[in-house]
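In the numbering used here, the protein residues as written are 547 to 854. Single-structure report; data block below.
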Ligand code: UDP
């Protein structure tokens, strides 16, 4: 799919956006781009009402850590990773400089490899430090959680000590609804209320198992235990055919990743549980996956003084 997407993306002001630059950084350098940045910030702050008048059309902001924009071609979107960290249905919120850059890279790495092993995803390619080009899909309103080790809500609900190896991988479904706090639902609820058909549930579970197998092996190879993760799926139409693909993101925001030796948490629990060191943990995951080189400047650390 390279050919149609090689054009540099243009904002509605006509400025091409170069690849491989941090969009937030680049926006501050140009008068018109600065206007765009202000518009983006305004939209970020005040939600959908202002989005109507924004120069860049914000299509979805409900992800809190990400924004979706119109893509350059019909059927494509741009997924922008912000630095916002939220938990407990956005009751807890912080901005962590550089988190979006790391999640964009880590999620790119995972989705690229899933595509390569024949697990269909929405991912096309990364555009720059914070953005990736994706296929537009209709999101199935479910959070699909796969667990290998007891942790988090499973441990709380069933009284199983965190870190206990589960007898087998367990798949759970949560209905995506902020007003209801994403309640856990069964296949009966999903089919009765029409959120997905029985065939789609089968497809989603088959994808979930493949993603879990791939991710478990990937992380095990770099000394990390995949405790659990959340994925989302979407319906992708190609002519009259529809198939279920993996969508959204897969990053330390949506996985529990523990160092094999020390059990140190390398994921969003660092934020949820006020452990600190989130950026360092995400950087460590990226480094181990070979995404960041040893001597690469950690995201968000600013320029390095080379001569005093
Ligand atoms: N998760 C997520 N988004 C959510 C809820 C959960 O990405 O809205 C991920 C979470 O990071 C963990 C897995 O899903 O890797 C299982 O989360 P759990 O049900 O234990 O909920 P939590 O303890 O995070 O509330």
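All residues carry an ideal CB built from backbone N, CA and C; glycine is no exception.
Only residues of its own chain outside the window of five on either side were considered, and among them 641, 642, 643, 644, 645 and 646 have a CB closer than 7 Å to the CB of residue 629, listed in chain order.
By the CB criterion at 8 Å, residue 635 and residue 759 fall outside the cutoff. For residue 698, the CB falls within less than 7 Å of some heavy atom of the ligand UDP.
Taking 7 Å as the cut-off, one finds at least one heavy atom of the ligand UDP near enough to the beta carbon of residue 800. Rounded to the nearest angstrom, the gap between the Cα atoms of residue 828 and residue 728 is 25 Å. Residue 617 sits in coil when the DSSP states are folded into three classes, being neither helix nor strand. Counting only the Cα atoms, residue 799 lies some 15 Å from residue 761. It is roughly 18 Å from the alpha-carbon of residue 747 to the alpha-carbon of residue 668. Looking at 801, 783 and 825, the one whose alpha-carbon comes closest to that of residue 685 is 783. Between residue 797 and the set 821, 696 and 757, the nearest pair of CA atoms involves 757. Closest in alpha carbon position to residue 816, among 809, 824 and 810, is 824. Assignment of beta-bridge partners to residue 606 by DSSP yields 614. The segment 771-783 makes contact with the segment 687-704; the number of CB pairs closer than 8 Å reaches 3 or more. For residue 771, the uninterrupted beta strand (DSSP E) run begins and ends at 770-784, by DSSP.
Within 10 angstroms of the beta-carbon of residue 719 lie 16 or more other beta-carbons, which makes it buried. Comparing alpha-carbon positions, the option among 713, 776 and 709 lying closest to residue 808 turns out to be 709. Proximity of the beta carbon of residue 691 to the ligand UDP is indicated: a heavy atom of the ligand is located closer than 7 Å.
Taking non-hydrogen atoms of the ligand UDP into account, the C-beta of residue 775 is found less than 7 Å away from one of them. Around the Cβ of residue 626, a 10 Å sphere holds 16 or more other Cβ atoms; the residue is buried. DSSP, reduced to helix, strand and coil, places residue 710 outside both helices and strands of the structure shown, so it counts as coil. Non-local C-beta neighbours of residue 721 in its own chain, meaning closer than 6 Å and more than five positions away in sequence, comprise 729 and 731, ordered along the chain. In terms of Cβ geometry, residue 792 and residue 801 do not form a close pair [threshold 8 Å].
Scanning 682, 749, 633 and 803 for the CA closest to the CA of residue 618 turns up 682. By the Cβ neighbour-count rule, residue 786 is exposed, with fewer than 16 other Cβ atoms within 10 Å of its own. Around the Cβ of residue 853, a 10 Å sphere holds fewer than 16 other Cβ atoms; the residue is exposed. Under the three-state reduction of DSSP, residue 690 is assigned to strand.
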